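As you go down the protein sequences, you meet chains V, D and U in turn.
Quick note: the first sequence uses our numbering, first residue 67, plus one each step.
Quick note: the second sequence uses our numbering, first residue 264, plus one each step.
Quick note: the third sequence uses our numbering, first residue 5, plus one each step.
Using N, Cα and C, we set each Cβ at its ideal position, and we do this for glycine too.
From a predicted model like this one, the values you see are computed outputs, not experimental measurements.
Beneath this line is the structure, given in structure tokens, with notes to follow.
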Amino acid sequence: MNPRHQPTLVALLAALALLAGPTANTHAQTRVSVGVTETIETHNPYGDSVSLLYGIWSEITGPFCTYSYSKGDFEGRLAERWKVENPTTWIFSLSKNYKFNDGSPVTAADVVHSIMTRVIKDPQSKQKASVAPSIVNVEAIDKFTVRVITDKPTAPLLSLLCDRLIVTSKAAFDKYGREAADKEHMMGGGPYRLKELIPGQRLVIAKRPDHPVAKKNPRAPDEVVYRVMRETEQRVTALLNDEVQIAQFIPPHLRQRVEKSPNLKITPVDSVEIMFLAMQPKPPFDKKEVRQAVCHAINRDQIVATLLEGFASRLDGPLGPGQYGYDPNLKPKMNYDPERAKKLLAQAGYPNGVDVELQTPVGRYTLDKQLTEAMIPMLNAAGFRARLLTPEWATLWASVQKGTIPFYYMGRGSVQDPSATLHQYFHTGETPRIGYSNPKLDELLDKEQQEFDPKKRRQYLSQAMSILTEDAPACFMWRHKLLWGLNNRVEYQPLPDARIYAIDMKVRR
Amino acid sequence: MPAYLIRRLAGTVPVLLLISLLVFLLIHAAPGDPTLMLLGEETNTAEVARAKERWGLDRPLHVQYFKFLVAAAGGDFGKSFKYAEPVIGVIKTRLPATIELAVFSIIIATLLAIPLGVWAGSKPNSWIDNLGTTCGLFGISMPSFWLAIMLILLLAGVLNILPTSGRSTYGIAGPERTGFYLFDSLLQRNWPAVWDMLTHVFMPALALGVNMLGILMRVTRSAVLEVMNEEYVVTARAKGLAEKNVVWRHVASNALIPVITVVGLELGTLLSGSIIVETVFAWPGSGSLLITALNARDYPLVTGVVMTYTMAFVAINLIIDGLYAVVDPRIRY
Amino acid sequence: MQSLTLESATERSGGRLARLVPRLHVKAFTGGAIVAIFILVGVLGPALAPHDPNKQQLTAMMRPPQGIGAIHALGTDNLGRDILSRVIHGSRVSLLVAFAVVFVSGFIGITLGAVSGYFGGKVDFTIQKLVEVVWAFPPLLLGITIMAFLGQGLFNLILALVAQRWIPYCRVVRAQTLSLRERDFIVAARCLGATKRQIILRHIIPNLIQTSLVIGTFAMASSIIAEASLSFLGVGVPPEIPTWGTMLADARIYISTAWWLPLFPGLCIFVTVLGINLLGDALRDLLDPRLKRTASGI
Numbered sequence: 067m068n069p070r071h072q073p074t075l076v077a078l079l080a081a082l083a084l085l086a087g088p089t090a091n092t093h094a095q096t097r098v099s100v101g102v103t104e105t106i107e108t109h110n111p112y113g114d115s116v117s118l119l120y121g122i123w124s125e126i127t128g129p130f131c132t133y134s135y136s137k138g139d140f141e142g143r144l145a146e147r148w149k150v151e152n153p154t155t156w157i158f159s160l161s162k163n164y165k166f167n168d169g170s171p172v173t174a175a176d177v178v179h180s181i182m183t184r185v186i187k188d189p190q191s192k193q194k195a196s197v198a199p200s201i202v203n204v205e206a207i208d209k210f211t212v213r214v215i216t217d218k219p220t221a222p223l224l225s226l227l228c229d230r231l232i233v234t235s236k237a238a239f240d241k242y243g244r245e246a247a248d249k250e251h252m253m254g255g256g257p258y259r260l261k262e263l264i265p266g267q268r269l270v271i272a273k274r275p276d277h278p279v280a281k282k283n284p285r286a287p288d289e290v291v292y293r294v295m296r297e298t299e300q301r302v303t304a305l306l307n308d309e310v311q312i313a314q315f316i317p318p319h320l321r322q323r324v325e326k327s328p329n330l331k332i333t334p335v336d337s338v339e340i341m342f343l344a345m346q347p348k349p350p351f352d353k354k355e356v357r358q359a360v361c362h363a364i365n366r367d368q369i370v371a372t373l374l375e376g377f378a379s380r381l382d383g384p385l386g387p388g389q390y391g392y393d394p395n396l397k398p399k400m401n402y403d404p405e406r407a408k409k410l411l412a413q414a415g416y417p418n419g420v421d422v423e424l425q426t427p428v429g430r431y432t433l434d435k436q437l438t439e440a441m442i443p444m445l446n447a448a449g450f451r452a453r454l455l456t457p458e459w460a461t462l463w464a465s466v467q468k469g470t471i472p473f474y475y476m477g478r479g480s481v482q483d484p485s486a487t488l489h490q491y492f493h494t495g496e497t498p499r500i501g502y503s504n505p506k507l508d509e510l511l512d513k514e515q516q517e518f519d520p521k522k523r524r525q526y527l528s529q530a531m532s533i534l535t536e537d538a539p540a541c542f543m544w545r546h547k548l549l550w551g552l553n554n555r556v557e558y559q560p561l562p563d564a565r566i567y568a569i570d571m572k573v574r575r
Numbered sequence: 264m265p266a267y268l269i270r271r272l273a274g275t276v277p278v279l280l281l282i283s284l285l286v287f288l289l290i291h292a293a294p295g296d297p298t299l300m301l302l303g304e305e306t307n308t309a310e311v312a313r314a315k316e317r318w319g320l321d322r323p324l325h326v327q328y329f330k331f332l333v334a335a336a337g338g339d340f341g342k343s344f345k346y347a348e349p350v351i352g353v354i355k356t357r358l359p360a361t362i363e364l365a366v367f368s369i370i371i372a373t374l375l376a377i378p379l380g381v382w383a384g385s386k387p388n389s390w391i392d393n394l395g396t397t398c399g400l401f402g403i404s405m406p407s408f409w410l411a412i413m414l415i416l417l418l419a420g421v422l423n424i425l426p427t428s429g430r431s432t433y434g435i436a437g438p439e440r441t442g443f444y445l446f447d448s449l450l451q452r453n454w455p456a457v458w459d460m461l462t463h464v465f466m467p468a469l470a471l472g473v474n475m476l477g478i479l480m481r482v483t484r485s486a487v488l489e490v491m492n493e494e495y496v497v498t499a500r501a502k503g504l505a506e507k508n509v510v511w512r513h514v515a516s517n518a519l520i521p522v523i524t525v526v527g528l529e530l531g532t533l534l535s536g537s538i539i540v541e542t543v544f545a546w547p548g549s550g551s552l553l554i555t556a557l558n559a560r561d562y563p564l565v566t567g568v569v570m571t572y573t574m575a576f577v578a579i580n581l582i583i584d585g586l587y588a589v590v591d592p593r594i595r596y
Numbered sequence: 005m006q007s008l009t010l011e012s013a014t015e016r017s018g019g020r021l022a023r024l025v026p027r028l029h030v031k032a033f034t035g036g037a038i039v040a041i042f043i044l045v046g047v048l049g050p051a052l053a054p055h056d057p058n059k060q061q062l063t064a065m066m067r068p069p070q071g072i073g074a075i076h077a078l079g080t081d082n083l084g085r086d087i088l089s090r091v092i093h094g095s096r097v098s099l100l101v102a103f104a105v106v107f108v109s110g111f112i113g114i115t116l117g118a119v120s121g122y123f124g125g126k127v128d129f130t131i132q133k134l135v136e137v138v139w140a141f142p143p144l145l146l147g148i149t150i151m152a153f154l155g156q157g158l159f160n161l162i163l164a165l166v167a168q169r170w171i172p173y174c175r176v177v178r179a180q181t182l183s184l185r186e187r188d189f190i191v192a193a194r195c196l197g198a199t200k201r202q203i204i205l206r207h208i209i210p211n212l213i214q215t216s217l218v219i220g221t222f223a224m225a226s227s228i229i230a231e232a233s234l235s236f237l238g239v240g241v242p243p244e245i246p247t248w249g250t251m252l253a254d255a256r257i258y259i260s261t262a263w264w265l266p267l268f269p270g271l272c273i274f275v276t277v278l279g280i281n282l283l284g285d286a287l288r289d290l291l292d293p294r295l296k297r298t299a300s301g302i
């Protein structure tokens with residue numbers, strides 16, 4: 067509500083409204099409000115598996131370790147350092163400086179409890195498949211050392227644990243039971259503590275002044291309020307009214323409204339979510355030429371330039387710059403070539419075209435419906451007879467998981483390390499989402515997962531991705547550049563995976 | 264009358280049972296898997312099977328329905344898949360917002376429609392009558408979601424005098440006591456919060472209430488027209504009573520009967536209309552909760568909300584019938 | 005309308021239509037004109053539309069309205085498609101859905117209502133219980149759930165809308181049947197040996213046509229809004245078929261940047277529904293004043 071526009075008849079109430087306006091400025095404490103798009107639904111730190119919440123809970127409880135995009139490598143935090151004893155055994159050494167809110171130290175017993183009891187065994191946990199898919203046992207060697215045993219060699223283990231493993235107090239769990247421990251006695255070893263959580267509305271964290279990491283970052287805000295704001299208009303308006311100082315994911319067409327304001331700026335960030343068109347190897351997509359024709363038919367540059375206003379970077383292969391294993395020289399390049407597409411279709415036995423149905427969710431990814439609508443005429447120009455279906459997400463996702471959707475537009479997030487994604491979508495037998503099977507690819511994927519030498523691993527990954535791009539069970543489209551709206555009072559560089567660490571924010575007092 | 268009420272109440276039980284069966288079947292028949300919706304992108308078959316077992320989704324359908332019925336009879340609608348909280352609790356946090364919205368819609372509709380309708384009906388063929396008729400017609404023809412968008416465009420966008428969406432501005436409201444923002448704010452004498460609430464509820468209430476406004480206008484007007492020519496009105500006029508008295512004392516109270524019917528009938532439409540209006544305005548009520556639950560295939564929550572709505576509907580009908588007996592002494596059950 | 009009331013209440017006759025005509029004339033004419041235009045546009049759609057409604061021009065996105073006679077009189081949308089053409093084509097869907105829903109639901113409702121009212125007893129009881137159960141559902145919810153089950157499509161949409169809409173017909177027709185049942189000409193027909201079926205078909209149903217006509221007109225209006233609502237929520241027809249509701253849904257994120265995107269499709273819905281309601285009012289005044297209160301709520 068903008069006090070400037072109050073009708074004069076209600077001037078008195080307007081004055082009152084002004085007095086009760088944003089309170090942040092009058093406090094000695096600094097508070098930053100963030101408008102987020104994910105819903106915050108439960109008090110259980112293991113009850114959600116979205117990037118944002120992994121980040122928040124990690125900040126409250128650690129993080130265990132963290133990935134630094136600037137350095138391109140993992141850094142220790144709660145787990146100070148680690149080593150690989152043998153391909154299926156990792157040893158993590160914990161820092162002695164991390165203390166729970168009641169002063170007790172965070173120990174190996176808490177880590178064991180968190181992984182085994184909370185992540186893996188607890189039926190309410192939604193994180194097992196993403197954090198600990200291959201962990202079979204965790205033991206405390208001594209008070210601050212943990213041994214993690216996996217069932218098969220898992221080279222990318224750090225990408226599963228860092229910024230994702232939430233370490234909560236075993237003692238609190240044992241004493242109060244899970245519900246009470248989460249709701250009333252939430253304790254973590256991180257630089258922020260949980261202050262308030264109202265499911266569906268907001269989550270508030272407050273800085274712990276005597277935490278060593280907090281001491282190193284004096285300009286980090288004293289309090290951060292994460293407010294659920296799923297509607298874009300609401301988020302943008304809140305940013306313009308200074309109700310929030312950071313707003314996630316501003317759609318390109320609203321960015322000018324934000325940029326017009328002298329106190330705000332837009333920061334674009336390459337996301338780690340890869341967008342692609344998946345094709346099941348059933349007719350007509352059982353022929354490689356048809357799949358390649360689809361890739362050549364789409365003018366990705368035009369879509370990015372017009373509909374996305376330039377806020378996306380084209381993908382030539384499953385990965386882009388900044389993602390682990392990215393190879394700028396990856397061949398072949400499936401560039402825009404409708405003539406080639408037509409020839410390929412004819413080669414495959416469809417000189418007069420073929421009917422295809424593309425399915426897309428609506429509102430799940432940036433401009434998903436629009437982008438796919440724009441693809442239809444492009445497919446038609448290349449000789450297909452395409453139509454678009456926009457089923458409900460619940461229906462679509464269930465069918466994709468069952469393997470009954472032959473052709474769909476989808477995104478896969480958290481692709482900072484491609485291993486999990488590539489396995490999930492392209493390894494024989496892992497999931498029925500595409501149903502693609504290529505023994506040569508399987509071999510390479512198995513090798514990369516178990517290869518601890520980074521150089522060799524990159525090689526395997528490059529080879530695997532080369533096969534993938536050429537064989538084209540999926541056409542890789544782009545990565546969106548996500549637009550963050552920031553108030554100039556807050557200096558913050560948003561991360562590609564939508565995780566927010568308040569400790570990295572700097573507030574101008 | 265008490266005997267009649269008891270009979271009516273007893274009669275609603277089989278209807279509610281049948282409705283619960285229908286809801287149950289429909290939601291389970293819809294394609295989509297709640298376990299997949301909630302376990303995240305990276306889940307695998309084993310996880311899904313585990314979750315299915317925990318939520319009892321692997322049992323045959325009639326077993327699931329039976330378990331649900333038994334629990335529901337005791338007032339337990341189960342736990343929401345999505346929020347991992349009892350369904351009743353989740354609904355309780357969202358229902359006050361919808362009730363607030365509905366109440367304000369009714370207030371706006373009745374405050375505008377009834378006086379205008381009475382006035383229009385009592386002065387046939389005047390400019391007031393024309394205005395009233397036109398308003399009524401516009402009201403029933405207006406698609407509420409379009410009105411909602413246009414209101415946002417005009418009042419929040421161009422003129423910028425009202426907020427675009429939501430129920431409140433963060434930081435203004437005091438601690439929640441009853442869940443009714445207005446009530447709580449009044450109790451705490453938190454005047455900025457009262458104003459905040461009013462600015463937020465105005466557009467959604469108007470959008471939601473516009474159809475009811477139209478119908479009420481028309482019904483009031485025609486009811487007044489009918490009554491105006493009844494004998495007792497003619498008598499009152501012959502007695503020399505002022506026209507104003509005639510209209511308001513005799514005509515209006517008798518015209519109330521059809522008006523009450525309409526309000527009662529329209530309450531049900533209000534509840535379902537709130538689904539769209541809450542979506543457009545990001546209003547955190549049970550309508551948007553229903554949509555969220557449906558999209559997530561959260562079976563217990565969907566069933567809970569639908570049953571709440573239908574029970575409310577049944578209760579409203581009973582109350583309306585009761586009110587009839589009060590307003591019209593000729594009616595006896 | 006008011007003269008009609010005076011007449012009926014005080015039982016004066018003669019000159020009824022004459023007094024009625026001034027108001028009726030205006031209503032019927034305006035309403036009729038709007039509906040006629042709507043039907044005409046709907047039928048002639050492809051011939052009238054200046055462009056292909058699905059032709060995208062990514063280089064001409066979001067152009068504001070340029071005025072009558074220009075290439076894009078009402079502007080273009082977020083994919084560069086001509087809005088005027090899309091709006092014209094959208095009327096076809098609304099038209100088709102409205103008529104189909106009204107006829108199908110009318111057929112089902114009238115039949116069930118007549119049967120229910122005439123036969124009474126167990127038949128009546130079952131049908132009425134069905135009515136209660138289905139009617140107690142929040143209408144939009146039933147539509148959404150059915151569409152989730154059936155999937156996108158025009159036929160499915162019609163089905164989903166019919167699911168509850170047969171009930172108003174059923175109710176009114178049943179009430180009228182109940183009162184008609186004991187009328188003299190029916191008793192006479194029975195004495196003469198007419199079968200039940202013959203009685204229903206030849207005597208009862210023709211009497212109900214009038215009522216149904218009025219209900220049907222208002223039902224058409226509400227069907228258009230219902231179809232738009234379901235499309236607005238995304239559970240209507242697939243994207244290749246432009247409908248007013250889908251256009252409104254697509255326009256939601258552009259409210260603050262492109263006012264013409266939500267304005268025109270919504271205006272079409274509003275004006276069309278207004279016209280139908282006007283016509284319905286006029287029809288009702290002409291045919292049966294007793295329906296005043298029941299029909300206006302439908």
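- Taking C-alpha positions only, W544(V) is separated from L381(V) by approximately 5 Å.
- Ranked by how close their Cα comes to the Cα of Q515(V), the residues A530(V), N504(V), I569(V), Q358(V) have A530(V) in first place.
- Counting along the chain, the unbroken beta strand (DSSP E) around R147(V) starts and ends at 145-152.
- Under the criterion of beta carbons closer than 8 Å, D288(V) and R97(V) qualify as touching, at roughly 7 Å.
- Using beta-carbon distances, S260(U) counts as an interface residue toward chain D, with a partner under 8 Å.
- Taking a C-beta cut-off of 9 Å against chain U, the contacting residues of the segment 367-381 of chain V are Q368, I369, A371, T372, L373, listed in chain order.
- Closer than 8 Å to the CB of V428(V) there is at least one CB belonging to chain U.
- CA-CA distance, W546(D) to A223(U), rounds to 29 Å.
- The segment 284-291 of chain D makes contact with the segment 565-585 of chain D, as at least three CB pairs between them are under 8 Å.
- Residue environment for Y267(D): exposed (fewer than 16 other C-beta atoms within 10 angstroms of its C-beta).
- Nearest to N307(V) by alpha-carbon distance, out of E297(V), S327(V), I316(V), is S327(V).
- Assignment of F210(V) by DSSP, reduced to helix, strand and coil, places it in the coil class.
- With 16 or more other CB atoms across the displayed protein chains lying within 10 angstroms of its CB, T426(V) is buried.
- The closest CA to that of M574(D), considering only L557(D), L534(D), G384(D), is found on L534(D).
- Here C541(V) carries a strand assignment [DSSP, helix/strand/coil].
- In chain U, no part has a C-beta under 9 Å from the C-beta of P472(V); the shortest such distance is about 15 Å.
- Pairing D285(U) with A452(V), the inter-Cα distance amounts to about 45 Å.
- For L454(V), the three-state secondary structure derived from DSSP is strand.
- Look at the beta carbons and you see the segment 215-232 of chain U touching the segment 242-249 of chain U: at least three pairs across the two are nearer than 8 Å.
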